[in-house]
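Below is one structure, written out as structure tokens; comments come after it.
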Amino acid sequence: MSRSLLCACSSFGLQALISGHLTDQRAMALLLGREFVWWSSLASYSLATACLALFLAWFFKRQHKVWLIEKLPGPRSLPILGNALDVNVAPRDVFQVVVGGAYMWSFRTPLFRVWAGPFPLVQLFNCSGVEVLLSSPKHLDKSRDYSFLHPWLGTGLLTSTGSKWHSRRKMLTPAFHFKILEDFVEVFNSQSHKMLDKLKGKADGKPFDIFPFITLCTLDIICETAMGININAQDNSDSEYVNAVYRIGALVQYRQTRPWIQPDFLFKLFGYAKLHDEYLRVLHSFSYSAIENRRREYQLAKVKAKENVEEEVIGKKRRLAFLDLLLNYSETQTSLSTEDIREEVDTFMFEGHDTTAAALNWSLYLLGCHPEIQAKVHEELDSLFGDSDRPVTMGDLREMKYTENCIKEALRLFPSVPFLARELREEAVINNYRIPVGTTVMVVTYRLHRDPEQFPEPETFDPDRFLPENVAKRHPYSYVPFSAGPRNCIGQKFALMEEKIVLSSIMRHFRVESTTRREDLRILGELILRPENGNMVKLWPRSVKV
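The opening position of the sequence shown corresponds to residue 10 in the working numbering, with each subsequent residue numbered one higher.
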């Protein structure tokens with residue numbers, strides 16, 4: 010209805026009132042009704058205009074983003090579906106498809122894009138482009154795939170962003186100081202010794218999967234160093250906590266590779282949320298209990314001794330766990346709540362056991378495939394330990410140069426984390442291409458580490474690649490098993506120390522032979538890179554001639 014018509018109607022009501030044709034009340038109602046219709050129409054028009062303006066702003070912003078993305082090299086895509094049909098494979102085959110695509114495009118371009126439905130994904134496998142992404146203090150936000158870890162880990166160091174990440178990183182860096190790491194050597198040795206006792210029963214030359222043995226060992230190590238608790242996972246692998254750790258990790262990986270259960274309501278509809286919540290209940294209850302028990306010890310120590318908590322707890326010197334340092338911070342930083350402490354402890358647990366177990370298993374696998382390199386490791390360890398069964402010291406770790414190079418080369422060929430992903434908070438220029446804000450950019454570490462310009466004969470297992478003179482020739486971002494730049498892995502020194510002690514403990518006592526050839530190896534690349542059928546090996550005591 011037009012404004013002139015409304016005015017006419019209002020005028021009619023007034024004339025009718027004057028002429029007596031309408032009562033006072035009826036005329037007033039007519040006037041108010043007409044006025045209401047006019048204002049309602051104006052409000053509706055304004056709302057519709059605002060909605061249209063917002064839609065057009067979103068649409069043109071979206072089209073600009075699409076225009077920039079479509080200028081990047083990449084396969085043709087379909088509306089809405091994007092390149093979903095290109096990866097219409099079983100979830101176990103997704104890794105092969107992604108890596109295969111990276112190989113194919115790497116011969117033509119330093120990066121390429123695909124559409125994961127309506128979401129653009131840019132893949133990098135060139136070290137100069139990787140440097141732009143990882144070295145920047147601006148591109149620090151993890152991709153949306155990490156959101157599936159939020160119910161378990163909250164927004165701790167792994168998953169947090171912005172100012173929270175900066176403050177947590179600054180707070181936690183001293184926890185990985187050399188002196189604190191040195192105190193963990195005893196834990197690495199004792200848990201490795203327990204694993205050796207288990208492996209001795211398998212050292213009969215018959216094939217078996219060594220992966221679970223190493224994983225349980227690293228779980229024991231991380232629990233004792235993170236929380237100061239020995240959960241005896243190696244003796245009690247069926248415990249509720251151990252099962253919850255494995256099952257929630259498997260469930261998160263399962264969800265990441267199945268788009269139809271990624272939305273929360275579908276995750277709940279298909280019944281997975283109930284399982285997920287039960288595992289969370291076990292894990293969080295365990296962590297909160299550990300925090301409260303350790304806090305009581307901490308307070309009791311302060312009453313019983315005037316010395317610093319680092320020197321004495323309940324009358325005896327003790328080793329600091331990661332949790333102790335967080336409790337100490339919470340006394341001086343009121344912003345660090347019990348929930349914050351739980352987030353960081355769970356994050357350390359998650360990041361610190363599966364990745365290390367994978368690195369150790371790949372190292373053993375490759376040594377089992379290359380007896381000539383294994384012999385050099387034995388030679389180095391014999392020169393340090395002889396026939397002695399003594400524990401490894403910090404001095405020994407410094408001398409295990411060849412063993413360390415074997416681990417680094419294993420991480421080159423089989424990085425524990427095969428993909429690193431960031432979500433851009435502002436536009437970036439990478440390899441001369443403009444990549445718009447909001448785009449997920451993924452470093453294909455598995456392909457990056459196989460760049461023939463940086464690593465000649467890239468599929469060859471050659472620990473000498475990590476001799477100092479060879480490292481100096483390479484681009485600093487050609488090798489990023491622990492990520493790189495400001496958001497690199499805060500615990501990489503911890504991990505390398507642990508890996509050297511566990512691996513050297515095995516190699517001092519056994520000869521290993523891998524039963525799966527490289528060409529027959531099938532890899533699962535989800536959160537962690539692992540062999541699909543386990544790490545099948547044969548072990549013999551070194552005293553036995555084969």
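Here a beta-carbon is modelled for each residue, glycine too, at the ideal position from N, C-alpha and C. None of these values were measured; they are calculated from a predicted model.
Query, Result
"If I measure Cβ to Cβ from C232 and keep anything under 6 Å in the same chain, skipping five residues before and after, which residues do I get?", "I238 and I240"
"Quick one, which of S53, R178 and P129 has its alpha-carbon nearest W76's?", "P129"
"Considering only C-alpha positions, which residue in the set D529, L94, N544 and K311 is nearest to E522?", "N544"
"Closer than 8 Å by C-beta to L158: which residues in its own chain qualify, once you throw out the five before and the five after it? Chain order, please.", "L167, T168, V261 and F359"
"Alpha carbon to alpha carbon, how far is L81 from V131?", "9 Å"
"Are the CB atoms of F503 and F185 nearer to each other than 9 Å?", "yes"
"For D192, which of T525, L162, I230 and M409 has the nearest alpha-carbon?", "I230"
"Return the bridge partner residues of S523 from the DSSP annotation.", "V546"
"Report the partner residues of D229 according to the DSSP bridge assignment.", "Per DSSP, none; premise fails for D229."
"Grouping DSSP H, G and I as helix and E and B as strand, with all else coil, what is I323?", "Any answer about I323 is weak, because its pLDDT of 42 lies below 50 and its placement is not dependable; what the coordinates show is given next. If DSSP states are grouped into helix, strand and coil, I323 belongs with coil."
"With 16 as the cutoff for other CB atoms within 10 Å, does T412 come out buried or exposed?", "buried"
"Of the residues I257, E140 and V354, which one's Cα is nearest the Cα of P485?", "E140"
"Quick check: M204 and A299, are their CB atoms within less than 9 Å of each other?", "no"
"In the DSSP output, which residue or residues are listed as bridge partners for V453?", "F428"
"Quick check: the Cα distance between R517 and P424, rounded to an integer number of angstroms?", "25 Å"
"Could you have a look at K311 and say whether DSSP puts it in helix, strand or coil?", "helix"
"Compare the beta carbon distance of V196 and L228 with 9 Å and say whether it is the shorter of the two.", "no"
"For W161, report the span of its alpha helix (DSSP H) as first-last.", "H159 to L162"
"How long is the line joining the alpha carbons of A437 and A481, rounded to whole angstroms?", "28 Å"
"Counting along the chain, where does the beta strand (DSSP E) carrying G534 start and finish?", "I532 to G534"
"Here's the rule: buried if 16 or more other CB atoms are within 10 angstroms of the residue's CB, otherwise exposed. What is E507?", "buried"
"What are the partner residues of A437, as DSSP defines its beta bridges?", "I444"
"How many angstroms separate the CA atom of P427 from the CA atom of V108?", "10 Å"
"For G534 and Y455, which I take to be in contact (beta-carbon distance under 8 Å), what is that distance rounded to the nearest angstrom?", "7 Å"
"Shorter than 9 Å from the beta carbon of T402 to some beta carbon of chain C?", "Checking the listed chains, one finds no chain C in this structure; it contains a single protein chain."
"Does the separation of the CB atoms of S144 and P495 fall below 9 Å?", "yes"
"Whose CA, out of G83, N542 and N92, lies closest to the CA of F220?", "N542"
"Straight-line CA distance for Y54 to N135?", "53 Å"
"Pick from A212, L512, H458 and Q72: whose alpha carbon is nearest that of M409?", "L512"
"Going along the chain, which unbroken runs of the alpha helix (DSSP H) with 4 or more residues stay wholly within the stretch 459-541?", "477-480 and 501-518"
"Do you know whose CA, among L142, R434, R531 and G163, lies nearest D102's CA?", "R531"
"By Cβ distance below 6 Å, which residues in the same chain neighbour Y288 in space, the five residues on each side in sequence not counted?", "A253, R256 and I257"
"Going by the CB atoms, is the gap between G165 and E352 shorter than 9 Å?", "yes"
"Is the number of C-beta pairs between the stretch 464-472 and the stretch 373-386 that are closer than 8 Å three or more?", "yes"
"Verify whether the separation of the beta carbon atoms of Y297 and D333 is less than 9 Å.", "no"
"Who are the Cβ neighbours of S201 in its own chain at under 7 Å, not counting the five residues just before and after it?", "C226, I510, V511 and S514"
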